Structures are given as C-alpha cells and as structure tokens.
Amino acid sequence: MTYKVGVVVGSLRAASYSRRIANTLGSLAPAGLVLNEIAIGDLPIYNGDLEAEAPAPWQRLRNDIQTSDAVLFVVPEYNRSIPGGVKNAIDVASKPNGKNLWVGKPTLVMAQSAGPLGGLAGSFALKQTLAGSGAITLPHPEVYLGRVATLFDGDGPMVPDTQEFLRGVLAGFETFIARFMPR
Ligand SMILES: Cc1cc2nc3c(=O)[nH]c(=O)nc-3n(C[C@H](O)[C@H](O)[C@H](O)COP(=O)(O)O)c2cc1C
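Numbering (numbering that gives the first Met the number 0), first residue to last: 0 to 182.
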C-alpha cells in the first residue's frame, strides 16, 4: 500500500525555488509515497460568511486535503513567517467548525530562503499553525534549505548532496506516516 502525500508549494511565482524543490521530490521519494500537488493559488481568503455556499476552490482544497494521507509543505520565508496563501489554505481546510481536516494529519515542513538561515522562522511559524490546527508534524530531521540558489546547478538539477539529504527526509517521513497509519 502506498501513502498519498499532498504537496503544498508556498510560492506562486513561475521561477520559484520552492517549486523547483517540490518538482525534485518525486524522484527522491520512496516507492511507498505518491506525491501530488495541492494548489493554493486560487483560494478566496477565508471568510465564514461564504460557508453557506463554499467557493469551488475551497471545496477542491478540502477534498484534496481529506483524500491525502499526509501533507508536505515546501515554503519560502516571508517576513519571518510564511506566505499568506499558505496560512489561508490551512485556515480554509480547518473550517467549518467540526470539519477540521488537519486533526491527526501527518505533515512535513521544508523551508527555504535566499539567505543563510534557510527559512527557520518561517518553518517555526508554520509548525505553530499546524500544531494549532491539530496536525502532527515530523519533528526530525528538520529541513532548512539556506542559500537556496546554491542548491541547484544553475537552471539545472538540484545538487547531489541536497538530493541525498531530502531522500533521507522523505524516507523518514514515510516511517513517520506509518506510525500513525499502519499499513
Ligand atoms: C514578501 C517577501 C518577504 C520575504 N521575507 C523574507 C524573510 O523574512 N527572510 C528571508 O530569509 N527571506 C525572505 N524573503 C526571501 C524569500 O524567502 C526567498 O527569496 C525565497 O527563496 C523565495 O522563494 P521562491 O523562490 O519559492 O519564491 C522574502 C521574500 C518575499 C517576496
């Protein structure tokens, strides 16, 4: 049996490093993980008044989260936190009351930034929100991809060391998921 892992890419720009990282993960994941992107760019900002007739992108997101065994986030740090779109997606999938889809959901946070700290503050902000919404997050190994531009061979592939690191992280994530969702 394989686990279905939804991948949330925290940046919407075409040349995003988050996306380049996410695009690399498929080839690094163990056979037991099947990765599929969960789009967040089209979600109206959460507003409880809209619940009476939930917008179609909210319904799609909720279905994607519900049908994923686990969720993996690849996020840049924005102003020492996470991009607003990522927070909005978590908010949308946590509502309406009684239908919080995050409760007990295994999650993995991969943070990256242009600078040396690798999105540490953004990662912590995301983990705080995930804990608050009831998700469970892989505690170790932590993923802070600093000086992200140096982790790719120009416009080409991710450098081998980082590929090996992320291969190990994904193997650990599979073990983590299996603890909560035995095969
Ligand atoms: C609005 C905004 C805020 C940012 N704030 C931070 C920050 O607080 N710390 C940091 O290290 N980098 C910050 N950055 C830089 C991004 O994290 C960095 O360029 C990242 O690699 C961009 O990810 P992407 O290529 O996936 O879009 C910020 C970028 C933007 C657009």
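C-beta atoms are modelled at their ideal positions from N, C-alpha and C, and glycine is treated no differently. Fair warning: this is a prediction, and the values are worked out from it, not measured in the lab.
Cβ neighbours of residue i in the same chain (closer than 6 Å, five flanking residues each side left out)
i: Pro82; result: Gly9
i: Pro140; result: Val168
i: Leu119; result: Tyr143
i: Trp57; result: Val91
i: Thr23; result: Met157
i: Leu129; result: Thr106 and Thr136
i: Ala134; result: Trp101, Lys104 and Thr106
Residue environment, residue i, which counts as buried when at least 16 other CB atoms sit within 10 Å
i: Ile44; result: exposed
i: Thr106; result: buried
i: Ala124; result: buried
i: Asp63; result: buried
i: Leu165; result: buried
i: Lys104; result: buried
i: Gly121; result: buried
i: Gln127; result: exposed
i: Gly5; result: buried
i: Met109; result: buried
DSSP-derived helix/strand/coil call for residue i
i: Leu27; result: helix
i: Val158; result: coil
i: Ile20; result: helix
i: Asn99; result: coil
i: Leu116; result: coil
i: Gly86; result: Per the sequence shown, residue 86 should be read as Lys rather than Gly. Helix, per DSSP.
i: Ala170; result: helix
i: Ala53; result: coil
i: Asp48; result: helix
Reference residue i, options the options, closest by Cα
i: Leu116; options: Ala69, Asp152, Tyr16 and Glu76; result: Glu76
i: Ala55; options: Val70, Gly171, Val91 and Ser26; result: Val91
i: Gly145; options: Asn46, Ile20, Gly97 and Gly155; result: Ile20
i: Asp160; options: Lys104, Pro95 and Thr149; result: Thr149
i: Phe151; options: Lys3, Ser80 and Ser17; result: Ser17
i: Ala177; options: Trp101, Ala69, Met109 and Val108; result: Ala69
i: Gly40; options: Arg182, Gly133 and Leu60; result: Leu60
i: Gly31; options: Ala14, Gly25, Tyr2 and Lys94; result: Tyr2
i: Ala170; options: Met109, Ala28 and Gly131; result: Ala28
i: Asn35; options: Glu163, Ala13, Ala51 and Thr66; result: Thr66
i: Arg12; options: Gly47, Val74, Glu52 and Val33; result: Val74
Residues that residue i bridges to, as DSSP identifies them
i: Ser80; result: Tyr77
i: Ala110; result: Val74 and Tyr143
i: Ile135; result: Pro105
i: Gly5; result: Asn35 and Val70
i: Phe151; result: Met157
Own chain partners of residue i with C-beta closer than 7 Å, once the 5 adjacent residues on each side are dropped
i: Phe175; result: Pro105 and Leu137
i: Ser132; result: Ile89, Ser93, Asn99 and Trp101
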